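In my numbering, each residue carries its 1-based index in the sequence shown increased by 178.
The beta carbon of each residue, even a glycine, is placed where N, CA and C say it ideally should be.
Just so it is clear, the structure is predicted and the values come from calculations on it, not from any experiment.
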Amino acid sequence: MAKVCNTCGLPTELCVCEDVAKTEQKLEVHVEERRYDKEVTVASGFRSSEIDIDELSSELKSSFACGGTVDGDSIELQGNHREGLIEELENRGFEVEA
Ligand SMILES: [Zn+2]
Numbered sequence: 179m180a181k182v183c184n185t186c187g188l189p190t191e192l193c194v195c196e197d198v199a200k201t202e203q204k205l206e207v208h209v210e211e212r213r214y215d216k217e218v219t220v221a222s223g224f225r226s227s228e229i230d231i232d233e234l235s236s237e238l239k240s241s242f243a244c245g246g247t248v249d250g251d252s253i254e255l256q257g258n259h260r261e262g263l264i265e266e267l268e269n270r271g272f273e274v275e276a
């Protein structure tokens, strides 16, 4: 039997729940200054129940070759990656608020 999505009940190859979930997440990306003049780029607004935020975070860390952490529904990347991160998230199907 084909795999069926738990959310919509459609076979997984027809299911668009993850895509819908991504476009419904209005992400915000901003740069914060931390102690010792260190900048971090924070992407917030993920729904961690609907996407694998830990996996996304590790993929972003390797894309930008930087450190980072997951803090609740936010991903923090070390350094200023604002422009690149917005582009990367949009390429992955997320909506990012300008
Ligand atoms: Zn579904």
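Starting from residue i, trace the alpha helix (DSSP H) in both directions and tell me its first and last residue.
| i | result |
| --- | --- |
| Arg213 | Arg213 -> no alpha helix (DSSP H), and no H or E assigned at all. |
Which residues in the same chain have their Cβ closer than 8 Å to the Cβ of residue i, if we skip the five residues on either side of it in sequence?
| i | result |
| --- | --- |
| Asp197 | Gly271 |
| Asn258 | Val209, Glu217 and Thr219 |
| Cys244 | Leu255, Gln256, Gly257 and His259 |
| Pro277 | Residue 277 lies beyond the stretch modelled for the chain, which goes from 179 to 276, so this question has no answer here. |
Who are the Cβ neighbours of residue i in its own chain at under 6 Å, not counting the five residues just before and after it?
| i | result |
| --- | --- |
| Lys200 | Gly271 and Phe272 |
| Cys193 | Cys183 and Cys186 |
| Gly277 | This structure does not reach residue 277, given that the chain is present from 179 up to 276, and the question cannot be answered. |
To the nearest whole angstrom, what separates the beta carbons of residue i and residue j, a pair I think is in contact under 8 Å?
| i | j | result |
| --- | --- | --- |
| Val207 | Arg260 | 6 Å |
Return the chain-ordered list of same chain residues with a C-beta closer than 7 Å to the C-beta of residue i, the five sequence neighbours on each side being excluded.
| i | result |
| --- | --- |
| Ser241 | Glu266 |
| Val274 | Leu205, Val207, Ile264, Leu267 and Glu268 |
| Ser235 | Gly246, Val248 and Ile253 |
| Cys195 | Cys183, Thr185 and Cys186 |
| Asp215 | none |
Between the options, which has its C-alpha nearest residue i's C-alpha?
| i | options | result |
| --- | --- | --- |
| Glu254 | Glu275, Asn269 and Arg212 | Arg212 |
| Ala286 | Thr185, Cys183, Val182 and Gln256 | Absent from the model: residue 286. The displayed extent of the chain is 179 to 276, so no value can be given. |
| Gln203 | Ile231, Gly262, Leu238 and Glu237 | Ile231 |
Would you mind reading off the limits of the beta strand (DSSP E) that contains residue i?
| i | result |
| --- | --- |
| Val182 | Segment: none, Val182 is in no beta strand (DSSP E) and carries neither H nor E. |
| Gly257 | Looking at the DSSP string, Gly257 is not in any beta strand (DSSP E), and its letter there is neither H nor E. |
| Glu275 | Glu273 to Glu275 |
| Val248 | Gly246 to Asp249 |
Are the region 246-260 and the region 219-227 touching, with three or more C-beta to C-beta distances below 8 Å?
With the cut-off at 8 Å, the region 246-260 and the region 219-227 touch.
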